[in-house]
Amino acid sequence: MNVDTQFDVVVIGGGLQGCSVALHLAHEKKRVLIIERDSCGQHASGVNAGGLRRLNRLVEEIPLSMAAQKMWHDIESLVGSDCGFRPTGQVRIASNQEDLATLEERAQKTRLLGYRHEEMINAEALRKMVPAIGNRGVGALICRGDGFADPALTCLAFRLRAEDLGVTIRQGSGVSAIEKNNQNWRVYTGAHSFDAPTIVNCAGAWGDRIAAMAGDHSSLKKTALALMVTARLPHFIDPVIGHASRKLSFKQMSNGTLVIGGALKGILTENQKDTLIDFPQMKESAETVCSFFPFLKDLPVVRCWAGIEGMTPDKLPIIGPGKAGSGVFHAFGFSAHGYQLAPIIGRVMTDLICRGKTEFDLEAFRINRFLP
8 MNVDTQFDVV
18 VIGGGLQGCS
28 VALHLAHEKK
38 RVLIIERDSC
48 GQHASGVNAG
58 GLRRLNRLVE
68 EIPLSMAAQK
78 MWHDIESLVG
88 SDCGFRPTGQ
98 VRIASNQEDL
108 ATLEERAQKT
118 RLLGYRHEEM
128 INAEALRKMV
138 PAIGNRGVGA
148 LICRGDGFAD
158 PALTCLAFRL
168 RAEDLGVTIR
178 QGSGVSAIEK
188 NNQNWRVYTG
198 AHSFDAPTIV
208 NCAGAWGDRI
218 AAMAGDHSSL
228 KKTALALMVT
238 ARLPHFIDPV
248 IGHASRKLSF
258 KQMSNGTLVI
268 GGALKGILTE
278 NQKDTLIDFP
288 QMKESAETVC
298 SFFPFLKDLP
308 VVRCWAGIEG
318 MTPDKLPIIG
328 PGKAGSGVFH
338 AFGFSAHGYQ
348 LAPIIGRVMT
358 DLICRGKTEF
368 DLEAFRINRF
378 LP
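Per the working numbering, residue 8 is the first one in the sequence shown, and the count goes up by one each step.
Set out below in C-alpha cells:
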C-alpha cells in the first residue's frame, strides 16, 4: 500500500473540534488533512442544542470556557459567519429554598476561585428577566453574555473557513489503522494512507478507538443525547432556561421554535452508529417545560432527534498530547459540553503543536488520568 500524500498534520474527525483545530493550524501555514468517517458535523457537533454557556461549568473547564466565550462574541472574524450567535444570557431557576441554596453554593464556589461571571438574582429580578415564568421561581443563578448559536450553521462555517484556508477534507473515509513510520505517523483509510509527523484525534464518541490505534488508553462511553423542536410561536423568552434540580433546558430560536433538551437520553442501536428516540422521556421533558410555562401545553412537537456523544467517567474532556508517542494529540470526550469550547480548542491544540505549550493548565484533561 503506497502513501498517497504527505501533510504536516492529519486531523481525525471532521466535527467542530476537528475543523477548529484545522483552521487554526492553517493560519500557521500548516498543510492539514481532515479525515472524517461520515460527514463533517454529522454527530454531536451538528445535532446538539447549541448552548453557549459558562454557567455551571465544571470548574476545571472555566478558564477554557471564559476564553471561548470571548471568541464567540467575535466569531465572525474567525469563520466569516455569526453562526446564529445570540448572547441572550443563561438562567438556572430555583423552584424552592433547597434549589436556591444549591445555586448559592455554586455561586460561592466560583467566587472563591476568583470568578464573577455567575450571578444570583432574586424572584423579582427573575420575573423581570423571564416574565412568562410568573410566580414559579424563587430566584436563579444567571450568566449574562452566555446564550446560544445554530450548530448546523456553525459546523458549515467552520468547515468552509478551513477549506478556504487550504485544508483538505476527506469525508466518508474511516480510519482503519495508525502506525509509526520513521518520523511520521501513517494513517490508513481503506485503500489509501497518509503520512504526517503530527496527528490530532478529534474523533468524538469514537476517540477512544483512535487513541488506542496510536497506543494511548482512554475511558469513553457512547451515549445518545436527544432533543425536540416545537412549532413556532410568538416571541416570549430571551435567555436559555435551565433548572437547579430538574432536567430542564430550552431556548426560543429566532424563528420562534423552542429547542428542548436537558440531558435527555436517546437509544443507541446495537451497532452504536445510529440512534432511536425514547418517546416516554420526551413526554416527561415536555411536561417539565409545561410545569413552568403552562401556556405551552398545546404546542405541537414537530421533530425529535438524538446525536451520539462520547462521555468520560469524570465528564471532563481529553485534551492534550498523547503519552505513547510523540506527535500525537487528543481533543475528544467532551461529554455533551464541547460545542461552546470549539473555538478555543483549536487555538490550544495549535499552540501545543506549533509552540510546544499553551497558556492553559491541561492537567485535568490528560489522557492517562484513568489508568489504574
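Even for Gly, the Cβ is constructed at its ideal location relative to N, Cα and C.
- request: Enumerate in chain order the residues of its own chain whose CB-to-CB distance from Q49 is below 7 Å, with the five nearest sequence positions on each side excluded.
  value: Within the sequence shown, residue 49 is the residue found at index 42, counting from 1. The answer is none, since no qualifying residue turns up.
message: Cutting at 7 Å between CB atoms, please list the residues of its own chain near D81, excluding the five before and the five after it.
response: On the sequence shown, residue 81 is found 74 positions in, with the first residue counted as 1. Here the set comprises nothing.
query: Can you tell me where the alpha helix (DSSP H) with T295 in it begins and where it stops?
result: Position 288 of the sequence shown holds residue 295. Element bounds for T295: F286 to F299.
query: Is DSSP giving M260 helix, strand or coil here?
result: Taking the first residue of the sequence shown as position 1, residue 260 is located at position 253. Coil at M260, not helix or strand.
message: By DSSP's criteria, V17 is part of a beta bridge. Which residues make up the other side?
response: Indexing the sequence shown from 1 puts residue 17 at position 10. In the DSSP output, where bridge partners are listed per residue, V17 has L40 and I206.
- prompt: Considering only residues of the same chain and omitting the five flanking positions on each side of G179, which have a CB-CB separation below 8 Å?
  reply: Residue mapping note: residue 179 aligns to position 172 of the sequence shown, counting from 1. Shown here for G179: same chain residues with a beta carbon closer than 8 Å to its own, the five before and five after excluded, namely E43, R44, D45 and S46 in chain order.
- request: Name the two residues that bound the continuous alpha helix (DSSP H) containing R134.
  value: Start at 1 with the first residue of the sequence shown, and residue 134 comes out as number 127. Here the alpha helix (DSSP H) through R134 covers A130 to M136.
message: Going by the DSSP bridge assignment, what does K272 pair with across the sheet?
response: Translated into positions along the sequence shown, residue 272 becomes position 265. Per DSSP, L232.
- prompt: Taking one C-beta from the stretch 185-201 and one from the stretch 25-32 each time, how about it: are there three or more such pairs within less than 8 Å?
  reply: Between the stretch 185-201 and the stretch 25-32, the count of C-beta pairs closer than 8 Å stays below three; the two stretches do not touch.
message: Whole angstroms are fine: how far does the CA of G317 sit from the CA of Q97?
response: Looking up residue 97 in the sequence shown gives position 90. Looking up residue 317 in the sequence shown gives position 310. Rounded to whole angstroms, the separation of the alpha carbons of G317 and Q97 is 24 Å.
message: Once the 5 residues before and after S52 are set aside, which same chain residues still bring their CB inside 6 Å of it?
response: The residue you call residue 52 lines up with position 45 of the sequence shown. Excluding residues within five positions, the ones whose Cβ falls inside 6 Å are G22, L23 and C162.
- prompt: So which of I267, V207, N375 and A371 has the shortest CA-CA distance to L359?
  reply: By 1-based counting over the sequence shown, the position of residue 359 is 352. When only C-alpha atoms are compared, the closest one is V207.
query: Around the Cβ of K36, are there at least 16 other Cβ atoms within 10 angstroms (buried) or fewer (exposed)?
result: Within the sequence shown, numbered from 1, the residue matching residue 36 stands at position 29. Counting Cβ neighbours within 10 Å, K36 comes out exposed, since fewer than 16 surround it.
- request: To the nearest angstrom, report how far apart I217 and T237 are at their CA atoms.
  value: Taking the sequence shown and counting its residues from 1, the one referred to as residue 217 is at position 210. Taking the sequence shown and counting its residues from 1, the one referred to as residue 237 is at position 230. In a straight line, the C-alpha of I217 is about 37 Å away from that of T237.
message: So, under 8 Å CB-CB, V182 and T196 are touching, yes? Tell me the CB distance rounded to an integer number of Å.
response: Within the sequence shown, residue 182 is the residue found at index 175, counting from 1. Within the sequence shown, residue 196 is the residue found at index 189, counting from 1. Contact holds; Cβ gap of about 6 Å.
field: Residue closest to W312, alpha-carbon to alpha-carbon, out of G20, H31, N55 and A33
entry: Taking the sequence shown and counting its residues from 1, one reaches residue 312 at position 305. Selected option, being the one with the closest Cα: N55.
- request: Starting from C311, trace the beta strand (DSSP E) both ways and give me its first and last residue.
  value: In the sequence shown, counting from the first residue as 1, residue 311 sits at position 304. Start and end: V308 to M318.
task: Please report how far the alpha carbon of P320 lies from the alpha carbon of L227, in whole angstroms.
output: As a first step, residue 320 must be located in the sequence shown, where it is residue number 313. As a first step, residue 227 must be located in the sequence shown, where it is residue number 220. Distance between the alpha carbons of P320 and L227: 7 Å.
- prompt: With C-beta atoms as the reference, is G91 less than 7 Å away from D157?
  reply: Your numbering for residue 91 matches position 84 in the sequence shown. Your numbering for residue 157 matches position 150 in the sequence shown. Going by C-beta atoms, G91 is nearer than 7 Å to D157.
task: Evaluate contact between the stretch 285-292 and the stretch 229-247, counting only Cβ atoms and requiring at least three cross-stretch pairs below 8 Å.
output: With a cut-off of 8 Å on Cβ pairs, the stretch 285-292 is in contact with the stretch 229-247, counting three or more such pairs.
query: Rounded C-beta distance between I185 and M136? I'm assuming under 8 Å.
result: As a working note, residue 185 is residue 178 in the sequence shown. As a working note, residue 136 is residue 129 in the sequence shown. At roughly 50 Å, the Cβ-Cβ gap does not stay under 8 Å, so I185 and M136 are not in contact.
query: At a cut-off of 6 Å, is G222 close to the ligand SAH when judged by its beta-carbon and the heavy atoms of the ligand?
result: Inclusion of the ligand SAH in the displayed structure is not the case, the ligand content being empty and no account of it being possible.
message: Can you tell me whether D368 is buried or exposed? The criterion is at least 16 other CB atoms within 10 Å of its CB, across all chains shown.
response: Looking up residue 368 in the sequence shown gives position 361. Flag for D368 reads exposed.
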